[in-house]
Amino acid sequence: MRAFSAPAPFFLLSLLLIACIITDARKDPRDYWQGRMDGEPMPKSITDLLPVSDDPTNYSDRFVRDFETKPNVIIYHSHQHHHHVHSPSAVDG
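Be aware that the sequence shown starts at 347, since it is given in our numbering, and climbs by one per residue.
Here you go:
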């Protein structure tokens, strides 16, 4: 029994190329804004949402180091059914 048929490597190579093309197609948001808005500056409210740089060392500074370690446990007793006696109503007829 053969492990791969002839089209399988071609198929895997084409998937790899498509993935590379898709990831390369995304523009930088600042470049996109400049192209669409004819050189108009981007508002500060939008620039605050964009990452400052693509430097991987900058991502570690986004983690909050002084978070509260107090456990927060909420227990829902959905497995317990309260036996409630239903009284007949006028709608039941």
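Just so it is clear, CB atoms sit at the ideal spot from N, CA and C, and this is done for glycine as well. Bear in mind that the values here come from a model prediction, so they are computed numbers and not experimental data.
For residue i versus residue j, is the C-beta spacing smaller than 8 Å?
| i | j | result |
| --- | --- | --- |
| Pro417 | Leu396 | no |
Consult DSSP for residue i and reduce its assignment to one of helix, strand or coil.
| i | result |
| --- | --- |
| Pro397 | coil |
| Ala352 | coil |
| Met347 | Unreliable positioning characterises Met347 in this predicted model, as indicated by a pLDDT of 48, which lies under 50. The coordinate reading is nonetheless provided below. Coil at Met347, not helix or strand. |
| Ile420 | coil |
| Pro375 | helix |
| Gly381 | helix |
Using the C-alpha atoms, what's the distance from residue j back to residue i?
| i | j | result |
| --- | --- | --- |
| Glu386 | Ile367 | 29 Å |
| Ser360 | Ala352 | 14 Å |
| Asp394 | Thr415 | 29 Å |
Who are the near neighbours of residue i in its chain, counting only those whose CB is closer than 7 Å to its CB and skipping five residues on each side?
| i | result |
| --- | --- |
| Met388 | Arg376 and Trp379 |
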